[in-house]
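Here is the structure we will look at, set down as structure tokens.
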Amino acid sequence: MRKATLILISIISFAILVYFFWDRSNTYTFGEVVGEELAENESVHRVVITNQEIDSENFSQQVILEEDFFQRMVNETSHTELREKQGSPGVKYVIDIETNKDTRHSIYTNFEDLHMNGRNFEITGENYLVNFIESADLNWNE
8 MRKATLILIS
18 IISFAILVYF
28 FWDRSNTYTF
38 GEVVGEELAE
48 NESVHRVVIT
58 NQEIDSENFS
68 QQVILEEDFF
78 QRMVNETSHT
88 ELREKQGSPG
98 VKYVIDIETN
108 KDTRHSIYTN
118 FEDLHMNGRN
128 FEITGENYLV
138 NFIESADLNW
148 NE
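Just so you know, we're using my numbering here: the sequence shown kicks off at 8 and counts up by one.
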């Protein structure tokens with residue numbers, strides 16, 4: 008009886024450890040994802056943020072920003088926690104990043120989800136990215 012209890016406890020403990028490590032292996036930060044997507048020799052020349060909130064008076068509004076805004080945005084929001092998931096997010100903001108290599112990287116995000124270059128993520132904690140965009144003093148153009 009004691010041996011069976013010990014085996015059962017061992018199996019349960021092993022299952023908990025496997026779940027914990029598997030769950031953590033699918034967790035990223037916004038800074039990690041952006042770092043993986045931008046090549047080391049790429050520099051950001053321009054950022055275009057489009058507000059596509061359907062409830063707004065105008066369907067979309069844009070603001071064009073320079074590289075320093077992007078660097079500040081990544082620095083202040085890099086700790087946003089993400090978990091890879093299936094399915095596409097709804098879109099509130101589209102962030103188009105243009106680089107010196109004539110490449111464009113797009114980030115689609117709303118309050119709960121984020122999509123970048125074919126990868127979908129659930130935002131598991133505070134969405135510092137949307138908070139940063141909404142608290143920035145942006146001059147939206149229609």
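The beta-carbon is built from N, C-alpha and C at its ideal position, and this holds for glycine as well.
PHE118 sits in coil when the DSSP states are folded into three classes, being neither helix nor strand. Every beta strand (DSSP E) of 3 residues or more that sits fully in the segment 58-115 is shown, in chain order, as 68-72, 88-91, 100-106.
Its chain contains ARG90 as the residues whose beta carbon lies nearer than 6 Å to that of THR34, once the 5 sequence neighbours on both sides are disregarded; these appear in chain order. One thing to note: ILE102 has its Cβ within 8 Å of the Cβ of VAL54. The segment 41-53 and the segment 104-118 touch, with three or more beta-carbon pairs separated by less than 8 Å. With contacts defined by Cβ atoms closer than 8 Å, GLY38 and VAL81 form a contacting pair. According to the DSSP assignment, ASN138 belongs to the alpha helix (DSSP H) that extends over 135-142. THR84 sits buried, since 16 or more C-beta atoms from the chains shown fall within 10 Å of its C-beta. Apart from sequence neighbours up to five positions away, the residues of its chain that approach ILE140 with a beta-carbon distance below 7 Å are ILE56, TYR100, ordered along the chain. For GLU129, the enclosing beta strand (DSSP E) stretches over residues 126-130.
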